[in-house]
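K.L.:
In our numbering, the protein residues as written are 1 to 107.
(1) Taking the alpha carbon of residue 61 as the reference point, which residue from 69, 19 and 49 has its own alpha carbon closest?
(2) For residue 69, I'd like the list of residues in its chain whose CB is within less than 7 Å of its CB, leaving aside the five on either flank, ordered along the chain.
(3) With a 10 Å radius around its C-beta and 16 neighbouring C-beta atoms as the bar for buried, classify residue 47 as buried or exposed.
(4) Express the C-alpha separation of residue 17 and residue 78 in angstroms, rounding to a whole number.
(5) Would you report the Cα separation of residue 41 and residue 55, rounded to the nearest angstrom?
(6) What residues in its chain sit with their C-beta under 8 Å from that of residue 57, if we drop five residues either side in the sequence?
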């Protein structure tokens, strides 16, 4: 669950796994991407794996933690379930473009 919304595993990408909002049948376009290279993308904000939490899960912090002092973070279980999050950022999201191999680059 993230910000009161739930997501389910949708499909594998070359670079990771895409999670679709469980309300996609109601035309919701929200999604998450958890990258094999320890990158998490939520609403065009990127989070990098910064450590572990209890029970083998991971803590992801906003990629602007050091450059802009952003305090946003996400806790993900070892089963790729979002356990807890603070997704309030002090900056605008980055712009990304999907390229032919399925990965994303910053624009």
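C-beta: ideal position from N, C-alpha, C; glycine also.
P.N.:
According to the structure shown:
(1) Taking only the C-alpha atoms, the option nearest residue 61 is 49.
(2) Excluding residues within five positions, the ones whose Cβ falls inside 7 Å are 90.
(3) Buried, by the Cβ-count rule.
(4) Whole-angstrom Cα-Cα distance: 14 Å.
(5) Each residue's alpha carbon lies about 23 Å from the other.
(6) Sequence-distant Cβ neighbours of residue 57 in its own chain, meaning closer than 8 Å and more than five residues away, are 75, 76, 77, 78 and 83.
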